[in-house]
Each structure stands twice: as structure tokens, then as C-alpha cells.
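Residue numbers (my numbering): 6 to 313.
Glycine included, every Cβ here is placed at the ideal spot set by N, Cα and C.
Every value quoted in this text rests on a predicted model; they were computed, and no experiment measured them.
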Amino acid sequence: MIKIEELARKASLCSMDEFSCLIHEVSGSLREEKSKALVNGIRREGGLIYLPSKGRVLVVGDLHGDLESLIFILKDSDFIERLKSENQVYVVFLGDYGDRGSYSPEVYHLVLTLKSMFKEKVIMLRGNHEAPKDMECRPHDLPYFLRTRFGANWQKIYGELRQLFDLLYHSAVAEGKYLMLHGGLPENIISLSDIAWAHETYPAKSHLEEILWSDPGEEEISYPSPRGAGRIFGREVTRTTLDRLGIKTLIRSHEPCDGIAVQQKGRVLTLFSRKGPPYYNSQAAYLEIDLSREAMDAHGLAREARRF
Numbered sequence: 006m007i008k009i010e011e012l013a014r015k016a017s018l019c020s021m022d023e024f025s026c027l028i029h030e031v032s033g034s035l036r037e038e039k040s041k042a043l044v045n046g047i048r049r050e051g052g053l054i055y056l057p058s059k060g061r062v063l064v065v066g067d068l069h070g071d072l073e074s075l076i077f078i079l080k081d082s083d084f085i086e087r088l089k090s091e092n093q094v095y096v097v098f099l100g101d102y103g104d105r106g107s108y109s110p111e112v113y114h115l116v117l118t119l120k121s122m123f124k125e126k127v128i129m130l131r132g133n134h135e136a137p138k139d140m141e142c143r144p145h146d147l148p149y150f151l152r153t154r155f156g157a158n159w160q161k162i163y164g165e166l167r168q169l170f171d172l173l174y175h176s177a178v179a180e181g182k183y184l185m186l187h188g189g190l191p192e193n194i195i196s197l198s199d200i201a202w203a204h205e206t207y208p209a210k211s212h213l214e215e216i217l218w219s220d221p222g223e224e225e226i227s228y229p230s231p232r233g234a235g236r237i238f239g240r241e242v243t244r245t246t247l248d249r250l251g252i253k254t255l256i257r258s259h260e261p262c263d264g265i266a267v268q269q270k271g272r273v274l275t276l277f278s279r280k281g282p283p284y285y286n287s288q289a290a291y292l293e294i295d296l297s298r299e300a301m302d303a304h305g306l307a308r309e310a311r312r313f
């Protein structure tokens with residue numbers, strides 16, 4: 006039996022060389038995955054994962070260095086044991102693993118360990134805190150936490166993590182049901198392929214920036230985001246885009262809330278899995294979705310979310 010506490014302990018005690026080896030191992034696994042269109046029933050197109058039509062998926066929002074919440078989610082859901090014993094069980098992380106929390110290196114290490122152990126069953130999406138260098142967020146204090154942990158040679162790990170970020174997926178879809186990504190819907194997309202290849206068309210097109218940075222608004226119209234990147238996408242964009250893609254509900258993270266927020270008349274669900282400063286939200290949450298069930302709107306998903 007794999008104990009989550011033991012994995013967390015290894016994350017807290019690993020040497021820089023051990024961390025580096027883990028990053029290289031997962032980077033190699035991601036390159037191998039992306040070289041194949043289909044691996045164990047999971048289809049890939051560029052930066053988009055097509056989830057199978059059956060099975061269960063755990064969805065985890067922003068963690069931002071909150072190791073305690075990550076440990077709770079894994080224990081509460083009994084997910085590691087289920088990953089070992091059940092064939093069609095998956096986990097999708099929506100990005101933003103580090104920054105803001107002092108256990109950022111440990112969160113990255115634990116998630117990468119899960120990816121190393123369970124391969125394609127662990128799907129790591131990138132958030133705006135794993136964005137390309139020219140989209141870097143502020144504050145970006147991962148370097149500080151790495152320097153505190155590893156000393157003068159921290160830049161080696163940081164450089165390797167940044168290379169890893171460019172290998173992460175940026176979206177996952179349960180066709181006809183749910184689209185999962187970090188930030189928001191890109192405007193002016195025609196098909197899922199526009200999302201899948203957003204990393205290739207960037208910066209000529211802003212799709213990747215919007216996927217990583219945008220937020221939903223409650224007005225019909227869209228407008229530039231006060232974040233300085235991405236858009237505030239209105240109800241018209243959501244309705245038109247999701248209907249065109251045949252998607253019931255957008256599942257995203259990116260914005261702090263008390264675990265779950267339902268937006269845009271139930272077409273958008275925001276999931277936040279971190280607690281504590283600097284957000285001071287009283288609750289966090291995670292989702293578990295039965296992929297064989299009929300699609301739910303954000304209201305239905307919110308009722309089934311596990312708040313803690």
C-alpha cells in the first residue's frame with residue numbers, strides 16, 4: 006500500500022539531484038505521450054487530451070504551494086489506491102501548482118511523482134503560473150522557494166521546471182460534456198483543434214493566452230482583462246463557443262473562491278483547491294466526475310463537489 010504521507014515526506018526531503026531526475030523522467034514521459042495519438046484509450050491532439058467516455062476523473066484546481074490541501078484531496082478521495090486497482094480512473098490538475106505558497110517545490114514534486122507512477126492516468130494542465138516566459142505572471146515567487154530549499158544551485162531546478170512547463174497539456178475534454186482548462190475560453194475559435202494547437206499558433210493568435218489567463222464575466226460582452234493578459238469573456242462567447250463545440254459546461258480554475266463558484270447561468274464552473282494566504286478563502290474543493298453519466302451544468306457539478 007502506497008502511503009500519501011510517505012510521498013509527501015519524500016517531496017520534503019529529496020535532494021536537488023533527485024528532484025532533477027524526477028523532472029527529466031516526467032519530461033521524457035510527456036514527450037513519449039505526445040508522440041502517440043492514442044495511449045491506453047486516451048486520445049491526444051497537440052495540447053488537448055480527449056478523456057474516455059467511461060470511468061471516473063478527479064479534477065483539482067489551483068494548489069499554489071498548498072501541500073496540505075493536496076494531501077487531503079488524495080487521502081479523502083482514496084485516489085492513489087483507486088489508481089492502482091481500477092482501470093478507468095484519472096486525475097486532471099488544472100494548473101497553478103506553485104507560487105504564493107511556501108510548499109511550492111513540494112507540490113510540484115508530489116504531482117510529478119504521481120505522474121511518474123501512474124503515467125497517462127495523471128493529466129497535468131498548465132496554468133498561467135506555468136505559462137511561457139513572455140507571459141510570466143507577477144508575483145512569481147517560485148524562484149525564492151527553490152532558492153530557500155536548494156541554495157545557490159536553485160536555478161538548475163528552475164530551468165528544468167520551465168522546460169517541463171512547455172510540455173504540459175493545456176486542456177482536456179470529455180466530448181459532448183465538459184471542457185477543462187485553467188483560465189478561459191478563447192474567442193473566435195471554430196473547433197477543438199483550435200484549442201489543441203493553441204501553443205503552436207501562439208503568439209500569432211491569442212488562444213493560448215486566453216486559455217491560461219482569461220476569466221468569465223456576467224455581461225454579454227467581452228473586454229480586456231484588468232490582469233493585463235487574457236480577456237473577460239462574456240456570456241455570448243461562452244454560449245456560442247460551447248454550443249459550437251458541443252460542450253455542456255466549462256470547468257476551470259484561476260480565480261480564488263470558496264472552493265466552487267457557478268457562473269454565467271451554469272455554463273461555467275470555477276474550482277479552487279487551495280486554502281490560506283494570500284486568498285484567505287474559507288473553503289477549497291475538488292470534483293469527482295463519472296464520465297459515463299449525462300453531462301451536468303455547473304449547478305449540478307457544484308452540488309457534487311467535495312468542499313473542505
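Between H187 and G132, the alpha-carbon positions lie close to 5 Å from each other.
Here DSSP, grouped into helix, strand and coil, assigns M185 to strand. Taking a C-beta distance under 8 Å as the contact criterion, F84 and V96 qualify as a contact pair. Boundaries cannot be given for M301, as no alpha helix (DSSP H) includes it and DSSP labels it neither H nor E. For the segment 159 to 220, the full-length alpha helix (DSSP H) segments reaching 4 residues or more read 159 to 170, 197 to 201, 203 to 206, 212 to 218 along the chain. Contact between S176 and I237 does not hold, since their C-beta atoms are separated by about 19 Å, which reaches or exceeds 8 Å.
The shortest CA-to-CA distance from T118 to any of M140, G189, E10, I54 is the one to E10. E125 and V44 have their C-alpha atoms some 8 Å from each other. Taking P57 as the centre and dropping the five residues before and after it, the same chain places the C-beta of G46 closer than 6 Å to its C-beta, in chain order. Selection S230, R272, R279 evaluated against D101 yields R279 as nearest (Cα-Cα). Segment contact: the segment 26 to 46 against the segment 149 to 161, fewer than three CB-CB distances shorter than 8 Å; contact not assigned. For the set S34, L88, G70, H69, the Cα lying nearest the Cα of G60 is the one of L88. DSSP places G132 in the coil class of the three-state scheme, outside both helix and strand.
Per DSSP, I28 has no beta bridge partner at all.
DSSP places L53 inside the beta strand (DSSP E), whose first and last residues are 53 to 55. The DSSP-derived three-state label of P110 is helix. The beta carbons of Q268 and A303 sit about 7 Å from each other, so the pair counts as a contact at 8 Å. The segment 176 to 185 makes contact with the segment 251 to 268; the number of CB pairs closer than 8 Å reaches 3 or more.
DSSP links D67 through a beta bridge to F277. Secondary structure at A266: strand, using DSSP grouped into helix, strand and coil. Classified as exposed, G33 has fewer than 16 neighbouring CB atoms from the shown chains inside 10 Å of its CB.
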